[in-house]
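Asker:
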Amino acid sequence: MPARTMRKRFWTPNGLFVTERVARSLPIATNRPVLPDQRGLFLFRVDADLYLKEGQEAFLILAGKYGIKTTWFVNIGNYLESPAGLKQLLKDDLVEVQSHAFRHQVYSDKARNLDNLQQAEEYLPARPVKGVVAPFGVWNENFQLSLEELGYQYSSEFGLAYDRAPFYPQINGRESIVLQIPIHPVCAGSFAYAGLPVDEACRYFDRVIKMKYDQGVPIILYGHPNDRKVEYNRRILAFIFERVASLPGARSLSFSEYYEVCRSSAKRIIGAVIKSGERPALLPANYSLLTKVRWLVVCLFSELKQRILDDLLPPGGKWIVLNMWKKMKGLIYRG
Ligand SMILES: [Zn+2]
Numbered sequence: 201m202p203a204r205t206m207r208k209r210f211w212t213p214n215g216l217f218v219t220e221r222v223a224r225s226l227p228i229a230t231n232r233p234v235l236p237d238q239r240g241l242f243l244f245r246v247d248a249d250l251y252l253k254e255g256q257e258a259f260l261i262l263a264g265k266y267g268i269k270t271t272w273f274v275n276i277g278n279y280l281e282s283p284a285g286l287k288q289l290l291k292d293d294l295v296e297v298q299s300h301a302f303r304h305q306v307y308s309d310k311a312r313n314l315d316n317l318q319q320a321e322e323y324l325p326a327r328p329v330k331g332v333v334a335p336f337g338v339w340n341e342n343f344q345l346s347l348e349e350l351g352y353q354y355s356s357e358f359g360l361a362y363d364r365a366p367f368y369p370q371i372n373g374r375e376s377i378v379l380q381i382p383i384h385p386v387c388a389g390s391f392a393y394a395g396l397p398v399d400e401a402c403r404y405f406d407r408v409i410k411m412k413y414d415q416g417v418p419i420i421l422y423g424h425p426n427d428r429k430v431e432y433n434r435r436i437l438a439f440i441f442e443r444v445a446s447l448p449g450a451r452s453l454s455f456s457e458y459y460e461v462c463r464s465s466a467k468r469i470i471g472a473v474i475k476s477g478e479r480p481a482l483l484p485a486n487y488s489l490l491t492k493v494r495w496l497v498v499c500l501f502s503e504l505k506q507r508i509l510d511d512l513l514p515p516g517g518k519w520i521v522l523n524m525w526k527k528m529k530g531l532i533y534r535g
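Numbering (my numbering), first residue to last: 201 to 535.
#1: From SER452, LEU453, VAL444, pick the residue whose C-alpha is nearest to that of ARG479; which is it?
#2: Hey, quick one: how far does the beta strand (DSSP E) through ASP247 stretch, first residue to last?
#3: What did DSSP end up calling ASN200 once you bin it into helix, strand or coil?
#4: Report yes or no: do the segment 323 to 335 and the segment 284 to 303 share at least 3 C-beta pairs separated by less than 8 Å?
#5: Do you know how far the Cα of ALA301 is from the Cα of LEU544?
#6: Note down, in chain order, each residue of its chain lying with its Cβ closer than 8 Å to the Cβ of GLY267, except the 5 sequence neighbours on either side.
#7: What residues match up with VAL295 in a beta bridge as DSSP calls it?
#8: Which residues bound the beta strand (DSSP E) around LYS208?
#9: For TRP519, which residues of its own chain have a beta-carbon under 8 Å away from its beta-carbon, when the five flanking residues on both sides are left out?
#10: With DSSP run on the structure shown, which of helix, strand or coil describes SER225?
#11: Going by Cα to Cα distance, which pick from GLN319, VAL386, GLY416 is closest to PHE336?
#12: For the beta strand (DSSP E) containing GLY389, name the first residue and the last one.
#13: Tell me ARG451's beta-bridge partners as DSSP assigns them.
#14: Quick one: what does DSSP say PRO484 is sitting in, helix, strand or coil?
#15: For VAL398 versus TYR432, is the C-beta distance shorter than 8 Å?
#16: Is it true that the segment 413 to 421 meets the segment 246 to 259, where meeting means three or more beta-carbon pairs spaced less than 8 Å apart?
#17: DSSP on GLN288, reduced to helix/strand/coil?
#18: Please state the DSSP three-state secondary structure of SER355.
#19: Does the beta carbon of ASP249 fall short of 7 Å from some heavy atom of ligand 1?
#20: Are there any heavy atoms of ligand 1 lying less than 7 Å away from the beta-carbon of ASN486, as far as the coordinates show?
#21: Taking only the alpha-carbon atoms, compute the straight-line gap between SER456 and PHE343 and give it to the nearest angstrom.
#22: Keeping to the same chain, check which residues put their C-beta closer than 6 Å to that of ILE381; ignore five residues upstream and five downstream.
#23: Just the Cα atoms here: how many angstroms apart are SER299 and GLU321?
Pasting the structure below:
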């Protein structure tokens, strides 16, 4: 059974929004590990779909500046063409590399999921590979069964759950042995896709980070180093890292370290101390009513585009429509 998902809106403090396809409802789990207070704990998941030099460097430089550990889930099939990309990751002490499968795909049957994950293992440097993030955050029981068969320790899919404590998913009426580590499902790219300004994204993440810190739960965020809007992405990521570094007692952990903490909850959470920084300044919003209405229209169009391209059309159809759109735009600009 695949997890039931739906496109949901995530609101900024100014009443604008971005959307993401996530779990329709969060599974009730009585089996979640009971963890001690995790205030100030920060995990950053990097979904490395393909190698983009400038994007990858921006992530590594920023993380290095604050001493923040990052876990890179690499879609290795796409990284093979650029060995320099993987080499750079392996040289960085703050980086952990795990799997984002070989092909950027999740299948409905176990055989193809097994094949996709095993093929990734052949090329990934981690021995053994401990964790995986399913492409597109898609989760189904056969995917989870494949993880069990290959001996993975944890995975992370917002198509199954987000913004909640780690737990062992139910499959075939029993508890899985592979831990699910949910994250917050919105990233800088969500704002780039919606076409919203950087400041609005910063205000959004400021609130998410503060809320998680005040609740004493870990702050687990993610990003894509291959997003084409490198500078846009970099500015939001810089804000996120600065904001986390301004929290008293902020520490970072890799996903595998966090798994170890969850596995034996008695263990004290230590983590690497994040170099403390100043709380970054936020520009005041001061939107006029007209500006706000204009941005809301932008949000609605972006949602409509995603509903059609990502939710309704199959991948082939998506590319046909995108190409048509590009040609139309070309005609309009030339005209
Ligand atoms: Zn991906």
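C-beta atoms are modelled at their ideal positions from N, C-alpha and C, and glycine is treated no differently. Quick caveat: nothing in here was measured; it's all calculated off a predicted structure.
Answerer: Working from what's here:
#1: Counted from its first residue, the sequence shown places residue 479 at position 279. Here the closest residue by C-alpha is VAL444.
#2: One-based indexing of the sequence shown puts residue 247 at position 47. Unbroken beta strand (DSSP E) run through ASP247: 241 to 248.
#3: Residue 200 falls outside the range modelled here, since the chain spans only 201 to 535, and no answer is possible.
#4: In this structure the segment 323 to 335 lies against the segment 284 to 303, because at least three pairs of beta carbons, one per stretch, are closer than 8 Å.
#5: As shown, the chain starts at 201 and ends at 535. That puts residue 544 outside it, with no answer to give.
#6: On the sequence shown, residue 267 is found 67 positions in, with the first residue counted as 1. Closer than 8 Å at Cβ, skipping near neighbours: LEU294, SER452, ALA472, VAL473, ILE474, LYS475.
#7: By 1-based counting over the sequence shown, the position of residue 295 is 95. Residue pairing by DSSP places VAL295 opposite THR270 in a beta bridge.
#8: As a working mapping, residue 208 is identified with position 8 in the sequence shown. For LYS208, the enclosing beta strand (DSSP E) has its first and last residue at 205 to 211.
#9: Here residue 519 corresponds to residue number 319 of the sequence shown, with the count starting at 1. Residues of the same chain with their beta carbon placed closer than 8 Å to that of TRP519 are lacking, with the five preceding and five following residues left out of the count.
#10: Looking up residue 225 in the sequence shown gives position 25. In the structure shown, the three-state DSSP call for SER225 is coil.
#11: To locate residue 336, count along the sequence shown from 1; it is residue 136. When GLN319, VAL386, GLY416 are compared, the shortest CA-CA separation from PHE336 is found for VAL386.
#12: Start at 1 with the first residue of the sequence shown, and residue 389 comes out as number 189. Counting along the chain, GLY389 falls outside any beta strand (DSSP E), though it belongs to the alpha helix (DSSP H) covering 388 to 394.
#13: For this step, residue 451 is matched to residue 251 along the sequence shown. For ARG451, which the question treats as bridged, DSSP gives the partners LEU241, VAL473.
#14: Counting from one through the sequence shown, the residue named residue 484 turns up at place 284. If DSSP states are grouped into helix, strand and coil, PRO484 belongs with coil.
#15: One-based indexing of the sequence shown puts residue 398 at position 198. One-based indexing of the sequence shown puts residue 432 at position 232. The Cβ-Cβ distance between VAL398 and TYR432 falls below 8 Å.
#16: In this structure the segment 413 to 421 does not touch the segment 246 to 259; the number of beta carbon pairs closer than 8 Å is below three.
#17: Locating residue 288 in the sequence shown gives position 88, counting from the first residue. DSSP places GLN288 in helix when its eight states are reduced to three.
#18: Locating residue 355 in the sequence shown gives position 155, counting from the first residue. Residue state for SER355 is assigned as strand, using DSSP reduced to three classes.
#19: Looking up residue 249 in the sequence shown gives position 49. In this structure, the C-beta of ASP249 approaches ligand 1 to less than 7 Å from one of its heavy atoms.
#20: Sequence index remark: in the sequence shown, residue 486 carries index 286 (1-based). With a cut-off of 7 Å, the C-beta of ASN486 is classified as distant from ligand 1, since no heavy atom of the ligand falls inside that distance.
#21: Working through the sequence shown from its first residue, we reach residue 456 at position 256. Working through the sequence shown from its first residue, we reach residue 343 at position 143. The alpha-carbon atoms of SER456 and PHE343 are separated by roughly 20 Å.
#22: As a position in the sequence shown, residue 381 is number 181, starting the count at 1. If we look at ILE381 and ignore the five residues flanking it on each side, its Cβ neighbours are TYR354, SER356, PRO366.
#23: Taking the sequence shown and counting its residues from 1, the one referred to as residue 299 is at position 99. Taking the sequence shown and counting its residues from 1, the one referred to as residue 321 is at position 121. Taking C-alpha positions only, SER299 is separated from GLU321 by approximately 8 Å.
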